[in-house]
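All letters in the sequence shown, in the order written, are residues 69 to 398 by our numbering. No residue lacks a Cβ here, since even glycine has one placed at the ideal position from N, Cα and C. Bear in mind that the values here come from a model prediction, so they are computed numbers and not experimental data. Read the structure below first, then the notes.
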Amino acid sequence: MNESVGIIFIAFAGFLLAVYLHHKKKRKNEPFICPLRGNCTEVMHSDYSKFLGIPVEVLGMVYYALLAVGHGLSLVNIGEGWIDALLLLVSSSAFLFSLYLTSVQVFTLKKLCTWCLLSALFCLSIFTLSLISFTDIVVPLLFHYQSVLDGLHLFAVGLGTGIATTTTVFFYQFLRDGRISEDESRILSVLFELGWVSLGLLLIFSWSMFLSDPLWLLHISVFTGEFLASLGVILGTGFLTLKVIPKLYLISSGQDHVHRDGEVLLARKRIFMVGPVSLVSWYLTFLLSLFPDTFSIPFEFILIGYLSILLFSATLGYLIYSRLILPRNA
């Protein structure tokens with residue numbers, strides 16, 4: 069009860085903040101007031117201020133409004149647990165999304181927006197309070213519908229694997245001329261954003277399965293193997309989308325940047341070596357999810373096999389780069 073009231077107040081503050089950011093963003097001639105010596109104007113007008121074509125502050129307004137209404141319904145006991153489960157799902161999604169946006173500020177833009185960080189703090193607070201408030205209500209519901217969770221989890225894995233495969237095909241096709249054009253960058257951005265969505269769904273449904281029966285899942289090597297592969301997806305996709313691709317597009321578009329000798333070849337080398345990490349991790353997750361009984365082997369074997377496959381993939385990528393790409397630019 070008290071947690072829901074606190075969440076409503078936080079959601080109301082977050083909604084007002086999102087409205088303020090949207091209003092200031094539309095008035096491009098007025099710079100943002102950014103406390104703590106941040107750089108809110110550049111962050112809010114960057115290419116990352118939209119996700120799948122939707123301004124992130126608009127997504128914030130929708131999220132905070134849904135949270136306020138949903139927790140209001142929860143206070144009057146409407147929904148019989150379904151509202152609570154949905155609110156926990158939404159708050160988990162928003163928390164993961166806030167981590168993604170914060171990573172963009174730190175690793176890609178290298179500029180921080182005070183208001184964006186405040187919104188991320190709101191998301192963290194709401195997620196924490198939701199866990200405290202709804203765990204006892206939601207866990208029995210998740211346990212009852214474990215078969216549904218299994219289906220949703222498999223759907224998220226299949227979606228992510230398909231998107232990762234499609235992205236890889238487009239990616240290496242676009243790299244044939246060694247440059248990333250504006251149109252190609254736009255296509256890749258959409259594909260990578262869809263990849264982040266599928267990864268978010270995978271993490272949420274895996275987390276839901278864990279909550280439904282944590283003691284059972286801790287003894288299942290497949291679940292821990294999927295967790296390891298998810299880390300591989302996060303590291304591989306994150307490195308490419310937050311560091312390598314923005315740098316390559318910056319070079320290709322001729323924008324001002326600190327030039328280093330051989331920077332294009334270095335970026336392409338990283339792509340060929342790191343790119344397979346995400347793809348292989350998705351396929352491992354897919355196989356583990358599709359045939360859980362077949363892969364009921366000790367976690368140590370899964371770990372050794374996974375690391376061996378990653379090493380082989382990175383080595384193969386380097387050999388392709390050194391034999392086919394590097395000679396063309398020698």
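Measure the alpha-carbon distance for Leu185 versus Arg391 and round it to whole angstroms.
For the purposes of this step, residue 185 is taken as the residue at position 117 of the sequence shown. For the purposes of this step, residue 391 is taken as the residue at position 323 of the sequence shown. About 45 Å.
Over what stretch of residues does the alpha helix (DSSP H) that includes Gln173 continue unbroken?
Position 105 of the sequence shown holds residue 173. First-last for Gln173: undefined, no H or E at that position.
Spatially closest choice to Gly219 from Cys108, Leu358, Leu120, Leu375, by CA coordinates:
The count along the sequence shown starts at 1 and reaches residue 219 at position 151. Here the closest residue by C-alpha is Leu358.
For my contact list, Val290 and Trp350 are in at a C-beta cut-off of 8 Å; report their separation, rounded to the angstrom.
Here residue 290 refers to the residue found at position 222 when the sequence shown is read from its first residue. Here residue 350 refers to the residue found at position 282 when the sequence shown is read from its first residue. Incorrect: roughly 15 Å between the Cβ atoms, too far for contact.
Would you check if the distance between the CB atom of Thr353 and the CB atom of Glu294 is smaller than 8 Å?
For this step, residue 353 is matched to residue 285 along the sequence shown. For this step, residue 294 is matched to residue 226 along the sequence shown. Cβ distance < 8 Å, so Thr353 and Glu294 count as in contact.
Pro123 by DSSP, collapsed to three states: which one?
Looking up residue 123 in the sequence shown gives position 55. Note: Pro123 maps to strand in three-state DSSP.
Ser72 beta carbon less than 8 Å from that of Ser159:
In the sequence shown, counting from the first residue as 1, residue 159 sits at position 91. In the sequence shown, counting from the first residue as 1, residue 72 sits at position 4. Not in contact: Ser159 and Ser72 (Cβ atoms no closer than 8 Å).
Determine the closest residue to Gln214 out of Leu180, Phe278, Leu154, with distance taken between C-alpha atoms.
What you label residue 214 is simply residue 146 of the sequence shown in a count that begins at 1. The option with the nearest alpha carbon to Gln214 is Phe278.
In the DSSP assignment, find the alpha helix (DSSP H) that holds His221 and state where it starts and stops.
Within the sequence shown, residue 221 is the residue found at index 153, counting from 1. Element bounds for His221: 214-242.
Less than 8 Å between the C-beta atoms of Phe190 and Phe163, yes or no?
What you label residue 190 is simply residue 122 of the sequence shown in a count that begins at 1. What you label residue 163 is simply residue 95 of the sequence shown in a count that begins at 1. Their beta carbons are not under 8 Å apart, which means Phe190 does not touch Phe163 by this criterion.
Among Leu104, Ser161, Asp115, Ile151, nearest to Leu269 - alpha-carbon criterion
Here residue 269 corresponds to residue number 201 of the sequence shown, with the count starting at 1. When each option's Cα is compared against that of Leu269, the closest is Ser161.
8 Å CB neighbourhood of Ala335 in its chain, flanking five on each side removed:
As a working mapping, residue 335 is identified with position 267 in the sequence shown. Hits under 8 Å: Val312, Lys315, Leu316, Ile319.
Measure the C-alpha to C-alpha separation of Val130 and Leu120 and round it to an integer number of angstroms.
Taking the first residue of the sequence shown as position 1, residue 130 is located at position 62. Taking the first residue of the sequence shown as position 1, residue 120 is located at position 52. Looking at the two C-alpha atoms, the distance is approximately 15 Å.
To the nearest angstrom, how far is the alpha carbon of Thr176 from that of Leu384?
Position 108 of the sequence shown, counting from 1, holds the residue named residue 176. Position 316 of the sequence shown, counting from 1, holds the residue named residue 384. Cα to Cα, Thr176 sits roughly 28 Å from Leu384.
So Gly228 packs on Ser266, CB below 8 Å; how close in whole Å?
Here residue 228 corresponds to residue number 160 of the sequence shown, with the count starting at 1. Here residue 266 corresponds to residue number 198 of the sequence shown, with the count starting at 1. The pair is a contact, with the Cβ atoms about 4 Å apart (cut-off 8 Å).
Would you report the Cα separation of Ser171 and Leu310, rounded to the nearest angstrom?
For the purposes of this step, residue 171 is taken as the residue at position 103 of the sequence shown. For the purposes of this step, residue 310 is taken as the residue at position 242 of the sequence shown. Taking the straight line joining both Cα atoms gives about 8 Å.
Residue from Ile75, Phe83, His221 with nearest C-alpha to Leu197:
Your numbering for residue 197 matches position 129 in the sequence shown. With distances taken between Cα atoms, Leu197 lies closest to Ile75.
State buried or exposed for Leu299, treating a residue as buried only when at least 16 other CB atoms are found within 10 Å of its CB.
By one-based count along the sequence shown, residue 299 stands at place 231. Classification for Leu299: exposed.
What are the partner residues of Lys118, as DSSP defines its beta bridges?
Position 50 of the sequence shown, counting from 1, holds the residue named residue 118. Lys118 pairs with Pro123.
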